[in-house]
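Report on the structure given below.
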Amino acid sequence: MPKLRILDLSFNNLTGDVHGGRAPAYTYLTRNRLSGEVESGVFLKSNAQIDLSYNNFSWWPSCQENSNINTYRSSYLNNLTGILPCAGPINCTSYQRTLHINCGGDNIVITNSSHKITYQADNTKTKAATNQQFKDWGISNTGEFFSDGHTKETSNTDDTYIISTSLRLSGDSPDIYKTARRSPLSLVYYAFCMENGTYSVKLHFMEIQFSDQELYSSLGRRIFDVYVQVKLHC
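Pasting the structure below:
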């Protein structure tokens, strides 16, 4: 099928090796149990957007990150190398106890009654298959918004994965909700160089894409799963 542009086999619990001479422009294989040596396959020589996350592939130690390929948790190894197989050695010069991220936005400082909290910026441009690492955290994104009319051929400048609003928002610290990161299939945040211990995870959501003035009959429901430490919580 030389004209095949989109191959989405995500979330099917498939097994076996992946073979072939050419990867379609958008190839999604996340959440399966596929195996084999990636270097001997078609992926690292391709310019396609490819998601290999959550599989059991074998990677050579010399592999390097490719901006078009999501390799997060794509290895059979059950350690940090398996989580980030091509990131190279992660040397922690210090360890942190907290991490705050402003998803889709700039650095922002929130002041409460006792102290200030700095939320790190998360505004770098992502692609249909992205795994990016920063100083002490990273992000994995999967999927393309084809229904929006944005593809690699039609949108080279706009970041369709970050949305913003000019609406007046209510509640405490509304500025932190002005922008948001979205994903059509899977969005993962992970941290490293954290002290050992028990942590509390807080996720803050607000609807900013649709206003209260829109007819209720025209709106849909947002349905998604939330995993923390690979365990389904809601």
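For what it's worth, my numbering labels the leading residue of the sequence shown as 1, then goes sequentially.
Ideal Cβ positions, reconstructed from N, Cα and C, are used throughout, including at glycine.
Would you list the one or two residues that DSSP bridges to residue i?
i	result
Gly16	Leu34
Asp122	Cys103
Val228	Lys231
Ser46	Answer is none; Ser46 lacks a bridge partner.
Asn70	Asp51
Lys116	Thr111
Gly64	The displayed chain sequence assigns Gln, not Gly, to residue 64. DSSP lists no partner for Gln64.
Which residue marks the beginning of the beta strand (DSSP E) containing residue i, and which one marks its end?
i	result
Leu7	Ile6 to Asp8
Arg181	Thr179 to Arg181
Ala191	Ser186 to Ala191
Asp51	Gln49 to Asp51
Ser58	Asn56 to Ser58
Ile162	Ile162 to Ser164
Gln133	Ala129 to Gln133
Ser140	Trp137 to Thr142
Val109	Ile108 to Thr111
Tyr26	Tyr26 to Tyr28
Taking the alpha helix (DSSP H) that residue i belongs to, which residues open and close that run?
i	result
Leu235	Since the first residue of the chain shown is 1 and the last is 234, residue 235 is not available in this structure.
Compute the distance between the beta-carbons of residue i and residue j, then report whether it is under 8 Å.
i	j	result
Asn70	Thr130	yes
Trp59	Pro89	no
Gly138	Asp122	no
Asn13	Arg33	yes
Asn66	Ser35	no
Ser140	Tyr95	no
Thr81	Ser75	yes
Gln133	Ala87	yes
Leu203	Val226	yes
Rounded to the nearest angstrom, how far is the Cβ of residue i from that of residue j, given a contact under 8 Å?
i	j	result
Tyr177	Ile223	Not really, about 20 Å apart at Cβ, beyond 8 Å.
Lys127	Asn68	6 Å
Ile83	His100	With a Cβ gap of about 21 Å, Ile83 and His100 do not count as contacting.
Val230	Val201	Wrong, their Cβ atoms sit about 13 Å apart, outside the cutoff.
Given 8 Å, three or more beta-carbon pairs between the region 161 to 170 and the region 189 to 201: no
Touching by the beta-carbon criterion (3+ pairs, under 8 Å), the region 46 to 54 and the region 16 to 28: yes
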